[in-house]
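Quick note on numbering: the sequence shown equals residues 111 to 278 in our numbering.
Virtual Cβ for every residue (Gly too), placed ideally from N, Cα, C.
What follows is a short report on a single structure.
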Amino acid sequence: ERLVKLLNEYLTAMTDILLANNGTLDKYVGDGIVAFYGAPMPVKDHEYWACLTAIKMQTKLNELREKWRSEGDKWPVIIHNMQNRIGINTGPMITGNMGSSMRMNYTMMGNTVDIAARLESSAKQYGIYIQVADETYKACKEKFIWRELDFVKVVGKSKPDKVYELIA
């Protein structure tokens, strides 16, 4: 019961940030949030909004950690140090109502989506929290502080892509 309350507090805070910054909530996967920009309504400068959302989420998580620490031994130390990872990619995707004839979700799919998911999971290898693909970086490189990370080759692509850490 306590874990559900904690998770709901975290997901509410992150979802509020997402929605306030032009994002579309796709789904929750455990403690993860899947989101996209530009559908069902177009979003101008969607790369900027995605990056800004990621930074705001990190800031809010810092605030939540401080709150949880201030609650003494209510939460184990792992909660006091909780981290999240975010992967951001730009490109074409398919959105729409998908599922069975009995139940559907408005969701997305495509190579762009798969790469974003891989960026989120591989961020751990670099010890970072926001990993961004080259196309996203190019679209808003002057608006944020970045660190060039590496070239990564994802399954199904022959050419490696440059990736960056979004810092501030």
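C-beta atoms of residue i and residue j nearer than 8 Å
i       : j       : result
Ala-226 : Asn-199 : yes
Trp-256 : Ile-277 : yes
Gly-197 : Ala-233 : yes
Cys-250 : Glu-181 : no
Terminal residues of the beta strand (DSSP E) in which residue i lies
i       : result
Arg-257 : 256 to 262
Gln-241 : 240 to 243
Val-144 : 142 to 146
Buried versus exposed call for residue i [16 or more other C-beta atoms within 10 Å across all chains shown]
i       : result
Leu-117 : exposed
Met-127 : A small correction: the amino acid at residue 127 is Ile; Met does not occupy that position in the sequence shown. With 16 or more Cβ atoms within 10 Å of its Cβ, Ile-127 is classed as buried.
Ile-143 : buried
Leu-113 : exposed
Glu-230 : buried
Reference residue i; option with closest CA among the options
i       : options                               : result
Met-208 : Trp-185, Lys-177, Ala-123 and Gly-220 : Gly-220
Lys-263 : Arg-213, Ala-149 and Asp-224          : Asp-224
Pro-152 : Lys-137, Gly-133 and Lys-184          : Gly-133
Ala-130 : Tyr-147, Gly-201 and Phe-254          : Tyr-147
Asp-280 : Tyr-236, Lys-253 and Arg-228          : Given a span of 111 to 278 for the chain in the structure shown, any question on residue 280 remains unanswerable.
Thr-217 : Lys-177, Gly-140 and Ala-149          : Ala-149
Endpoints, alpha helix (DSSP H) assigned at residue i
i       : result
Ile-127 : 112 to 130
Met-219 : It is not in any alpha helix (DSSP H) - Met-219 instead sits in the beta strand (DSSP E) that spans 214 to 219.
Glu-176 : 156 to 180
Determine, using beta-carbon pairs with one atom in the segment 242 to 256 and one in the segment 265 to 274, whether at least three such pairs fall under 8 Å. They touch, by the three-pair rule.
Touching or not, the segment 166 to 179 and the segment 123 to 132, by the rule of three or more beta carbon pairs under 8 Å? Remark: three or more beta-carbon pairs, one from each stretch, lie closer than 8 Å, so the segment 166 to 179 and the segment 123 to 132 are flagged as touching.
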